[in-house]
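Working notes, structure below.
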Amino acid sequence: MEISEIRVLMKYEFYRGATIRQAIASINSVIGIQVATNATVARWCKKFRSEDFDLSNEPRGRSKTQVNNVVLKATVEANSNQSARELSLMYNVSKQTILTHLAQIGNNSYLTHMLFWNFARLVSRSTRYVPVKLGCKVFEPMTSSDPSLSPLIFVHGLTFTKEHWDEIPEIIADATRRKAYALDTRNHGDSDWSNEFDADIIMEDILCFMNDFQIPKAILVGHSFGGIASYKAAIKEPERVEMLFVEEMNLRYPPQEAIDLTLIILKTWKQLEKSIPTGLNKEDIENFITERVYRNLRPHNTSKKDIAKMRKDIFYPLRKNSSGRFVFSINFDVIIEKLEREGALASDIKGSYDGPAYFIHGTRSLYQVAKDKNHIRRHFPRAEFIEFEGAKHELHRQFPGKFTTTIIKYIRQ
Numbered sequence: 115m116e117i118s119e120i121r122v123l124m125k126y127e128f129y130r131g132a133t134i135r136q137a138i139a140s141i142n143s144v145i146g147i148q149v150a151t152n153a154t155v156a157r158w159c160k161k162f163r164s165e166d167f168d169l170s171n172e173p174r175g176r177s178k179t180q181v182n183n184v185v186l187k188a189t190v191e192a193n194s195n196q197s198a199r200e201l202s203l204m205y206n207v208s209k210q211t212i213l214t215h216l217a218q219i220g221n222n223s224y225l226t227h228m229l230f231w232n233f234a235r236l237v238s239r240s241t242r243y244v245p246v247k248l249g250c251k252v253f254e255p256m257t258s259s260d261p262s263l264s265p266l267i268f269v270h271g272l273t274f275t276k277e278h279w280d281e282i283p284e285i286i287a288d289a290t291r292r293k294a295y296a297l298d299t300r301n302h303g304d305s306d307w308s309n310e311f312d313a314d315i316i317m318e319d320i321l322c323f324m325n326d327f328q329i330p331k332a333i334l335v336g337h338s339f340g341g342i343a344s345y346k347a348a349i350k351e352p353e354r355v356e357m358l359f360v361e362e363m364n365l366r367y368p369p370q371e372a373i374d375l376t377l378i379i380l381k382t383w384k385q386l387e388k389s390i391p392t393g394l395n396k397e398d399i400e401n402f403i404t405e406r407v408y409r410n411l412r413p414h415n416t417s418k419k420d421i422a423k424m425r426k427d428i429f430y431p432l433r434k435n436s437s438g439r440f441v442f443s444i445n446f447d448v449i450i451e452k453l454e455r456e457g458a459l460a461s462d463i464k465g466s467y468d469g470p471a472y473f474i475h476g477t478r479s480l481y482q483v484a485k486d487k488n489h490i491r492r493h494f495p496r497a498e499f500i501e502f503e504g505a506k507h508e509l510h511r512q513f514p515g516k517f518t519t520t521i522i523k524y525i526r527q
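Here this note's numbering is used: the first residue of the sequence shown is 115, the next is one more, and so on.
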């Protein structure tokens, strides 16, 4: 484990109100070696108490604050509905100071349910989870968003990026007067890369993103692998998900045929990346790549008509690097490694979500969502199934208008 991750664990222990001895035991149990000492943890706790939460620098010391923890505890117990901002004004200190003192007095439930404090983006309930910086695009309705309405969060599928949604988030935001966010999941697009990658990690990223942007509740729209992460988030923290839309995913592990197809495409992309011609526009480069992918999939059939048809079914996560060359904006090595390990991308479902859940699926898809209805309803008792006749896996790109109006319709209901 890297030093930066150890420091995140120290910060987590500080915020949960652990004693130095408890923090040492917890950190060492996670890491597996005796790396945390009394002196080290004490120095970091001292640094955190001074409101210095920069994990890049060694502890320096602390400054005194104007908050008496005994008085603060009595204030919170008398009225637990006060926000952190209200408390900060009452005590004439910063909001972060109030959060620090609430952590010190052990008022963790107050922090978790009322404040959505900044530290929540750093660690989840699983101390092995370490967040990364996520890329996102924000869509504000043209007529201004209604702050009383939960925003939408769009989560793309494996090997895609936030651009895969095209104009859909913007149109839905305008129609519903809700702010919308399209995320890049880790190892995709503008987000950081990490060796830690599966549906549970992406689920934690979604929840941490919500904490970071102070979103107490959201409508989640997830496609494929992003759908898995979205419904896992709904099950883990149902009070934070107003409504769930899952596009083209059931609760089973993805079919092997789909995994094999994805692996062929990814390995072809990786092999081709260094030979992508310069001086071509994006459309010509995509045609160049499609032809080579098709040859790997069907070496005995090189029909130009079929290649052109395939081109419509593939989304290319391309971007220009610093030298102006087009490259793929996905972490090939990590994603391929996970796909090649059976069961490595998603764990079994435990628990249920009782809120509105809509499973949108195509009749020509490999995922066969309709065959999984009974299993889905065991975990999502209010599940509704919306079938798109003739649609394949990238349903929202095949039928963008119908997909968009469907989402808007059920949100307005």
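Every residue, glycine too, gets a C-beta built ideally from N, C-alpha and C.
Keep in mind that this is a model prediction, so the values were computed, not measured.
Item: So within the stretch 471-496, which uninterrupted beta strand (DSSP E) runs reach at least 3 residues, ignoring any that extend past its ends?; Value: 471-476
Item: For a quick check, are the C-beta atoms of PHE502 and PHE513 less than 9 angstroms apart?; Value: yes
Item: Give the C-beta separation of PHE323 and LEU248 to the nearest angstrom, bearing in mind that I take them to be a contact with Cβ-Cβ under 8 angstroms.; Value: 6 angstroms
Item: Taking 6 angstroms as the limit between beta carbons, can you name the residues of its chain near ILE525, skipping five residues before and five after?; Value: THR290
Item: Whole angstroms is fine: what's the gap from THR189's alpha carbon to ASP288's?; Value: 42 angstroms
Item: So, at 6 angstroms on beta carbons, what are the nonlocal neighbours of GLN527 in its own chain, with the 5 sequence-adjacent residues on each side left out?; Value: none
Item: Alpha carbon to alpha carbon, how far is LEU297 from ILE521?; Value: 18 angstroms
Item: Does DSSP put VAL360 in a helix, a strand or coil?; Value: strand
Item: Would you mind sorting LYS161 into buried or exposed? The rule is 16 or more other CB atoms within 10 Å of its CB.; Value: buried
Item: Could you tell me which residues DSSP puts in a beta bridge with GLU501?; Value: HIS475
Item: Pick helix, strand or coil for HIS270, following the three-state DSSP scheme.; Value: coil
Item: To which residues does DSSP link VAL355 through a beta bridge?; Value: ALA332
Item: When the Cα of ASP260 is compared with those of LYS125, LYS293 and TYR345, which residue comes out closest?; Value: LYS293
Item: The beta strand (DSSP E) that contains TYR295, what's its start and end?; Value: 294-297
Item: Could you tell me which residues DSSP puts in a beta bridge with ARG433?; Value: VAL441
Item: Would the stretch 270-285 count as touching the stretch 311-328 if we require 3 or more Cβ pairs under 8 angstroms?; Value: no
Item: Specify whether the stretch 370-383 and the stretch 443-452 touch according to this definition: at least 3 beta carbon pairs, one from each stretch, less than 8 angstroms apart.; Value: yes
Item: How many Å lie between LEU123 and TRP158 at the Cα?; Value: 11 angstroms
Item: Going by DSSP in three states, HIS337 sits in which element: helix, strand or coil?; Value: strand
Item: What are the residues that DSSP puts in a beta bridge with PHE253?; Value: ALA294
Item: Going by C-alpha to C-alpha distance, which of LEU453, MET256, ALA156 and ALA332 sits closest to SER262?; Value: ALA332
Item: Using 8 angstroms for Cβ pairs, my map puts ASN183 next to GLN218. What's the rounded Cβ distance?; Value: 6 angstroms
Item: Taking all protein chains shown into account, decide if SER461 is buried (16 or more other Cβ within 10 angstroms of its Cβ) or exposed.; Value: exposed
Item: Count the other CB atoms within 10 Å of the CB of GLY393; is the residue buried (16 or more) or exposed (fewer)?; Value: exposed
Item: Could you check the C-alpha separation between LYS434 and PHE440 for me, to the nearest Å?; Value: 4 angstroms
Item: Can you give the Cα-Cα distance for TYR481 and PRO369, rounded to whole angstroms?; Value: 6 angstroms
Item: For the alpha helix (DSSP H) holding THR520, just list the boundary residues, first then last.; Value: 514-526
Item: Have a look at GLU400 and CYS250 and give me their C-alpha separation to the nearest angstrom.; Value: 24 angstroms
Item: For the ligand GTP, is there any heavy atom lying closer than 8 angstroms to the beta carbon of SER466?; Value: With respect to the ligand GTP, the structure shown offers nothing to examine, as it has no ligands at all.
Item: Give the straight-line distance between the Cα atoms of ILE316 and LEU459, rounded to the nearest whole angstrom.; Value: 10 angstroms
Item: Can you tell me which of the three DSSP states HIS302 falls into?; Value: strand
Item: Skipping 5 residues on each side, what residues in its chain have a beta carbon closer than 6 angstroms to that of PRO255?; Value: ALA287, ASP288 and ARG291
Item: Below 8 angstroms on the Cβ atoms is my guess for VAL483 versus GLU362; work out the distance and round it to an integer in Å.; Value: 7 angstroms
Item: Between THR214 and THR154, what straight-line distance do the alpha-carbon atoms span, to the nearest angstrom?; Value: 20 angstroms
Item: Between TYR345 and GLY457, how many whole angstroms is the CB-CB distance? I'm expecting something under 8 angstroms.; Value: Not confirmed; about 18 angstroms, so no contact.
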